[in-house]
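Asks: Below is one structure. I have some questions about it.
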Amino acid sequence: MSVPYETAAYEPPESPESPEEHLERLLGRALNSFELPDETIRQLDCALAHDSSLHSAHHSAGLHRETYRHTWLLADGSALTLWELVHNTTPGAGPQAEVYVDEEELRAATARLPLPADAPDFELPVTVQLAPVLEPGHSYVPDESADHARRLLRRAENPDRPGVEVAELLGTAFAHQIIQAFGRPCRAGRAGLGFSLYEHAFLLPGGKEISLWEVEHTATPDGRHMCEVYPTEDGAREAMERRAARTS
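Each residue of the sequence shown is one higher than the one before, starting from 0 at the first, in numbering that gives the first Met the number 0.
Right under this line is the structure:
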């Protein structure tokens, strides 16, 4: 049997919130937010995206209870969930909110509420959909990332390297990862040439990701080591092909 109800406490924002804004609103209305572990708050401070959904509801004789699942996507690719319990304790009273780290705590808090045991209840399947465009594909390390980007661009010798606009954007980077890229080899060129390709992935505020592609090689007239940087992998691999062809 379907049961009419009204959700008294949870109102979706009119415009998309950032993960930080959503967390601030949740903690601001929760009566027990001070009980959350400091480590949990630190993890959520660098969240990239978030998703919220109604998980279950319970309504009877002017009393109500809803539970919400709030999930954040963290910079390391893992997810962290907080459970919100919204309820009133007397008919017509305003809603109160509590927040918990795990479902065991949530169930214990729910059991303490003065709701009849036979009150109508429904539970929704948990479906969390975080924006795939924001999901990080790298294991980032916070380590003077803006300075790393400056050094990388400074040592690039190719005239078509990323310019001022990219440099300014990377000045906000707070984490990065360096990965050696393999894949299709370029033509060998003359004997003894060495080509290496590296992806420098940077994480920016708001979850935006930018990668620069570094080509290190010795395809120079005197065989010295040279560094080139490109904004795309295809551009970097094409440059490797061109360099190898000139030395064939």
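Cβ coordinates follow ideal geometry from the N, Cα and C atoms, glycine included.
The structure displayed is predicted, hence computed values, not measured ones.
Quick check: what's the CA-CA separation for R149 versus E65?
Replies: Cα to Cα, R149 sits roughly 50 Å from E65.
Asks: Whole angstroms are fine: how far does the CA of V228 sit from the CA of A155?
Replies: One C-alpha to the other measures close to 6 Å.
Asks: For G27, does the count of other Cβ atoms within 10 angstroms reach 16, so buried, or fall short, so exposed?
Replies: That one is exposed.
Asks: Drop a sphere of 10 angstroms on the beta-carbon of R245, count the other beta-carbons inside from all chains shown, and report buried for 16 or more, exposed for fewer.
Replies: Result: exposed.
Asks: With a threshold of 6 Å on Cβ separation, who are the neighbours of L22 within its own chain once the five nearest residues in sequence on each side are excluded?
Replies: These residues qualify, in order along the chain: L43.
Asks: What number of angstroms, rounded off, separates the C-alpha of G93 from the C-alpha of T171?
Replies: Looking at the two C-alpha atoms, the distance is approximately 43 Å.
Asks: DSSP three-state call for S210: helix, strand or coil?
Replies: Strand, per DSSP.
Asks: Thinking C-beta only, is E83 closer than 9 Å to H256?
Replies: The structure shown has nothing for residue 256, since the chain only spans 0 to 247.
Asks: Any beta-carbon of chain D closer than 9 Å to the one on R111?
Replies: Of the chains in the structure shown, none is chain D; there is only one protein chain.
Asks: Let me confirm a value: E208 is counted as buried when at least 16 other C-beta atoms fall within 10 Å, else exposed. Which label applies?
Replies: E208 comes out buried.
Asks: Who pairs with H147 in a beta bridge, going by DSSP?
Replies: None, per the DSSP bridge assignment.
Asks: At a cut-off of 8 Å, is L202 close to the ligand NAD when judged by its beta-carbon and the heavy atoms of the ligand?
Replies: With respect to small molecules bound, the structure shown includes none, and the ligand NAD cannot be examined in it.
Asks: At which residues does the alpha helix (DSSP H) containing A96 begin and terminate?
Replies: Looking at the DSSP string, A96 is not in any alpha helix (DSSP H); the run it does join, the beta strand (DSSP E), is 95 to 99.
Asks: Please work out which residues of its chain come closer than 6 Å, Cβ to Cβ, to Q179, disregarding the five sequence neighbours upstream and downstream, and give them in chain order.
Replies: So the list reads Y197, once near-sequence residues are dropped.
Asks: Would A46 and A74 be called neighbours here (beta carbons separated by less than 9 Å)?
Replies: Yes.
Asks: So, is V85 buried or exposed, given that buried needs 16 or more other C-beta atoms within 10 angstroms?
Replies: Buried, by the Cβ-count rule.
Asks: For the beta strand (DSSP E) that T70 lies in, which residues bound it at each end?
Replies: Looking at the DSSP string, the run of the beta strand (DSSP E) that includes T70 is 62 to 72.
Asks: For H224, count the other beta carbons within 10 Å of its own beta carbon; 16 or more makes it buried, fewer makes it exposed. Which is it?
Replies: So H224 ends up on the exposed side.
Asks: Would you grab the beta carbon distance between L114 and H175 for me? Rounded to a whole angstrom, and I think it's under 8 Å.
Replies: Not confirmed; about 50 Å, so no contact.
Asks: From the DSSP secondary-structure annotation, give me the bridge partner or partners of S51.
Replies: H69, per the DSSP bridge assignment.
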